[in-house]
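Structure first, then comments.
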Amino acid sequence: MSEENDIPIQTSQLLSDLFGLDADDLTLQTTRDSIPAWDSLQHMNLVLDVERQFQIRLSEEQVAAIESVGDLVTAISNSLDSQRQN
Amino acid sequence: MNGGTLISAASFASIADGASRMSDLPLREQLLALRNEILAKLNAQDFSGAQFLLGRLWRTSPGAATAAWIQRSVAPVQSDYCLRTTRIAVLRSFTVEPISQLLQAAALTERIKLEVYICPFNAYAQEILNSKSALLDFRPDLTFLCILCQSIAPDLCHQFGSLSPEQRDQTVQRVIADFQTLIRSFRERISGQLVIHTLESSDSPAMGIADASPEHGQNASIFKINQALQHESQRDPSVSLLGVDGLIRLVGANQWHDTLRWETAALPFQSEAMLAICQQWLRFVVAACGPLRKVLVCDLDNTLWNGIVGEDGADGIAMGRTSAGLPHRRLQQVILDLYHRGILLAVCSKNNWDDAWNVIQGHPDMLLRPEYFSSVRINWEPKDANLRSIAEELNIGLDSLVFLDDNPAEQSLIRQSLKEVRVLDAGTQAADYADLVLNEVGFERLRVTEEDRQRGQMYSAQRQRTEASRAAGNLESWLESLETVVCSVPVTTVTLNRIAQLTQKTNQFNLTNRRYSVSDLQRMHASENWRILGFQVSDRFGDNGIVGVVILHREENELELDTFLMSCRVIGRGIEQTMLANVGEFARLSGVISIKGDFVKTPRNSLCDDFLERHGFHFDGSRWKLDFPAFHALKTPKWNRMQQDFVLEPKVDGTVK
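If you're matching them up, the sequences are chains A and B in order.
Here our numbering is used: position 3 in the first sequence is 3, and no number is missing along the way.
Here our numbering is used: position 511 in the second sequence is 511, and no number is missing along the way.
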């Protein structure tokens, strides 16, 4: 279920569940600042869900660098890529 | 897969209910369909239907996002949907907030609304010891005390190598004393259950492989602390332990620790670990505050065994050590454990009685034999009617029943017709059934008492008695078929405890309702004017224990019935008549001229309204009396056999012979 082209869809599904948003309103450009409920606790929850769903571990640098939906998608695909190379 | 783990989505032919056509769809679309069904059921106020599907959603895709979705979806109808509110407090040394969010959603799948109070970081001691704290004001039903070893005893975790043996012992003793102080103060100030996480042992002890040798023992030191916690829990039933090492084993240490996030965010666990803790917490919440389930009702064909006995024959079904049989064997083992935990077992199967019963009685691979079942329905009646009559027979509410059946049509019938019954979400894979039963949180108990352990046996004996009564046709031949033996037992410390308990608890068949403590009874027993008789009843189905008590008081040449009582467990079998005949025999041997007694009427003892009169006593204006020689005529009913463990003889020197 973690096909490459699935990542944006799955990610926006997670975000829309977590914050009660319509998935169609989310784009890769949507920023963390524009979603008031996306606080540090929910950020942690999001990371934990992503890690379980995609079977990856994100580094602290990656976690801290996520400022938008696009950043999150990039972090996931980078992590999947480096897993594949190993 | 192991108990306590979550069931994978693969075990469901289709996740969306009643829509097998969707099984070909990708998981994500099945989940969407499932969510839509949940919303529709919530909208239609079909809360038990919604609960069933919410449970399936949670097992299929647990996590923070699903948790948020569940909470949001239930919120508009929460007060109608939830059947109870439970208040839990968490005293912690690490970040528990993500677990708390998961737990609130998991609790909703049990229709429990959770109120959660989380104490500030590492403030557990202040919260407990301070006589004015937010914790006290919160008044939790259940409190989790979760402290990591690295928080309460960092030197045991990280500097173990630098400690001298004396320093290690000092640390161990200090931590034990700290815990004891916390437990005592908690108990003084707060009611409700306290659940303490045990300290986790180290994966990489300082001395490496030498850790197992006695002079090093980092893990031995941690174990000593856990042992002391066990001791506290043994002493006080309101203190329970959550065995963290067992949980780590279940999830795998590789998926448990997160040392980096512990440093950066005080989050010591990975996401799988948090889910496992959440599920374990839910078990404690339900075991402590309900709703408890008391009976497991099982189907037979393709549930307790592989195959259909009516078609494949007893030789064609499997429940042994073969690939077809093993899943069912494991299920039977799990169910057997429930039986010993005090959960009652029942059978509900569409079959010819003989076909199915012969398997239960005689198939060599069957683990669950007739004596484990409290109620059996093997017939062709609709299963909802059978479940109703099982609940009636066991005198237990439908909401205490859990139903396990491989057939989706039967599951659906029960879900629609008996909404209170918990229907297990059994799919097509028998290999999942054992886990399904293990994951039923309503079967958890904080503690298993001796009474729990005996419960199944007593109910099953009752079932066999009823069956015998049906087979016997009329009452008298039934009573005879029981082969009842009434035994008068000698007074000892053990029997006096039980006798005191009976005087305190018996209300229905009790002539005088006098309540006695053990020390009251000991004083009577020491006096030559008093005589205590305990009656134990057994029959061919088992032993009922001591169920009757007579206390006699000799006043000159009269014998007074101070106490005459019998447990309602054996009512309707002439036991009271046998006991009275025994009193008559005693009166004859004592040489008294009359037996006298009172009947003290209460709102609950109408069962013995005419007992004395029926047995020839007459009322002399103040008391009931039976004079010499009328008491010679008191007889044991012919279907009871009286047995004396000691010589029934009046005390001359104040002792029992």
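Glycine residues also receive a C-beta, built at the ideal position from the N, C-alpha and C atoms.
Quick one, are the C-beta atoms of leucine 511 of chain B and leucine 565 of chain B less than 8 Å apart? yes
Where leucine 72 of chain A and tyrosine 433 of chain B are concerned, what is the direct C-alpha to C-alpha distance, given to the nearest angstrom? 38 Å
Just to confirm, is the Cβ distance from asparagine 122 of chain B to serine 164 of chain B under 8 Å? no
Range covered by the alpha helix (DSSP H) that runs through lysine 505 of chain B: 493 to 505
Taking the alpha carbon of valine 251 of chain B as the reference point, which residue from B/Gln280, B/Glu263, B/Asp236 and B/Leu260 has its own alpha carbon closest? B/Gln280
So the alpha helix (DSSP H) lysine 224 of chain B belongs to, where does it begin and stop? 218 to 235
Cut-off 8 Å between Cβ atoms - residues of its own chain near alanine 581 of chain B, not counting five sequence neighbours on either side: Leu634, Lys635, Thr636 and Met642
Check whether the region 30 to 43 of chain A and the region 58 to 69 of chain A are in contact - that is, three or more C-beta pairs closer than 8 Å. yes
Kindly indicate which three-state DSSP category glycine 70 of chain A falls into: helix, strand or coil? helix
Taking the CB atoms as reference points, tell me whether proline 140 of chain B and arginine 87 of chain B lie closer together than 8 Å. yes
Would you report the Cα separation of asparagine 86 of chain A and glutamine 234 of chain B, rounded to the nearest angstrom? 50 Å
Using a Cβ-Cβ distance cut-off of 8 Å, determine whether threonine 264 of chain B contacts chain A. yes
Beta-carbon contacts of histidine 43 of chain A that lie in its chain and below 8 Å, excluding the five residues immediately before and after: Arg32, Val63 and Ile66
Endpoints, the alpha helix (DSSP H) within which leucine 32 of chain B is located: 27 to 43
Residues of its chain near valine 74 of chain B, where Cβ-Cβ distance is below 6 Å and the 5 sequence neighbours each way are ignored: Tyr81 and Leu108
Members of the region 65 to 86 of chain B near chain A, C-beta cut-off 7 Å: Ala65, Thr66, Ala68, Trp69 and Arg72
Contained alpha helix (DSSP H) runs [length at least 4] in the region 27 to 57 of chain A, N- to C-terminal order: 40 to 54
Is the separation between the beta-carbon of valine 421 of chain B and that of glycine 342 of chain B shorter than 8 Å? no
Exposure label - asparagine 134 of chain B; buried when at least 16 CB within 10 Å: The sequence given here places alanine at residue 134 of chain B; asparagine does not occur at that position. The residue is exposed, with fewer than 16 neighbouring Cβ atoms inside 10 Å.
Which ranges would you report for the beta strand (DSSP E) in the region 582 to 635 of chain B if only whole runs of at least 3 residues count? 594 to 597 and 624 to 627
Can you pull the chain A neighbours of glutamate 97 of chain B, defined as C-beta to C-beta under 9 Å? Leu41, Met44 and Asn45
Check: leucine 404 of chain B C-beta below 7 Å from any heavy atom of the ligand COA: Although the ligand COA was asked about, the structure shown includes no ligands whatsoever.
Whose C-beta lies closer than 7 Å to the C-beta of threonine 563 of chain B among residues of the same chain, with five residues either side of it excluded? Thr503, Thr512, Arg514, Val549, Val550 and Ile551
Beta-carbon spacing of leucine 367 of chain B, leucine 336 of chain B below 8 Å: yes
So, does the CB of glutamate 29 of chain B fall closer than 8 Å to a CB anywhere in chain A? no
For alanine 297 of chain B, the first and last residue of its enclosing alpha helix (DSSP H): This sequence places valine at residue 297 of chain B; alanine is not what is there. Per DSSP, valine 297 of chain B belongs to no alpha helix (DSSP H); it is in the beta strand (DSSP E), 295 to 298.
Could you check if glutamate 51 of chain A is buried or exposed, using at least 16 other CB atoms within 10 Å of its CB as the buried criterion? buried
So the alpha helix (DSSP H) asparagine 358 of chain B belongs to, where does it begin and stop? 353 to 362
With distances taken Cα to Cα, identify the nearest neighbour of glutamine 126 of chain B among B/Pro98, B/Asp178 and B/Arg84. B/Asp178
Against serine 271 of chain B, what residues of chain A qualify as contacts under a CB-to-CB distance less than 8 Å, listed in chain order? Leu48, Asp49, Glu51 and Arg52
Any C-beta of chain B under 8 Å from that of glutamate 67 of chain A: no
Could you tell me how far apart the beta carbons of serine 375 of chain B and isoleucine 390 of chain B are, in whole angstroms, since I believe they sit closer than 8 Å? 5 Å
Report the residue ranges of all alpha helix (DSSP H) runs contained in full by the region 120 to 192 of chain B; include only those spanning at least 4 residues, in chain order. 124 to 129, 134 to 138, 149 to 152, 154 to 158 and 165 to 189
I need the straight-line Cα distance from serine 271 of chain B to tryptophan 256 of chain B, nearest angstrom please. 8 Å
Is the shortest distance between the beta-carbon of methionine 458 of chain B and the beta-carbons of chain A less than 8 Å? no
For the alpha helix (DSSP H) holding serine 527 of chain B, just list the boundary residues, first then last. Element bounds for serine 527 of chain B: n/a, residue is neither H nor E.
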